[in-house]
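Accompanying notes for the structure given below.
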Amino acid sequence: MLEKSEIEQLIGLRQNLHQHPELSDFETNTAFKISKFLTKQQPDQLINTLNRNAIAAVYASS
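Convert by adding 18 to the 1-based position in the sequence shown; the result is the number in our numbering.
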């Protein structure tokens, strides 16, 4: 379950992304913002080499 502060951070990210839309296949700033956000969440692995704008965060199950 997400904490209230985590939900607020996600809402803020979503609002920021919607305030600054990018064209399909040219979402470089979107990818950068999401990568920066996910890095702060400390995933077990952050994969950003799928293609130029794809990102995957991997969390180990406990």
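Here a beta-carbon is modelled for each residue, glycine too, at the ideal position from N, C-alpha and C.
Between the alpha carbons of residue i and residue j, how many angstroms are there, rounded?
i	j	result
A49	A72	7 angstroms
E24	Q37	20 angstroms
E8	K51	The displayed coordinates of the chain run from 19 to 80. Any statement about residue 8 would go beyond what the structure contains.
T57	V76	11 angstroms
L68	Q59	20 angstroms
Determine, using beta carbons only, whether residue i and residue j come nearer to each other than 8 angstroms.
i	j	result
A78	I65	no
Could you tell me how far apart the beta carbons of residue i and residue j are, in whole angstroms, since I believe they sit closer than 8 angstroms?
i	j	result
L20	F55	Not confirmed; about 14 angstroms, so no contact.
E40	N34	With 8 angstroms as the limit, E40 and N34 do not qualify as a contact, their Cβ atoms being about 12 angstroms apart.
Going by DSSP, which residues form a beta bridge with residue i?
i	result
T65	At residue 65 the sequence reads Ile, which differs from the Thr that was named. According to DSSP, which records beta bridges pairwise, I65 is partnered with A74.
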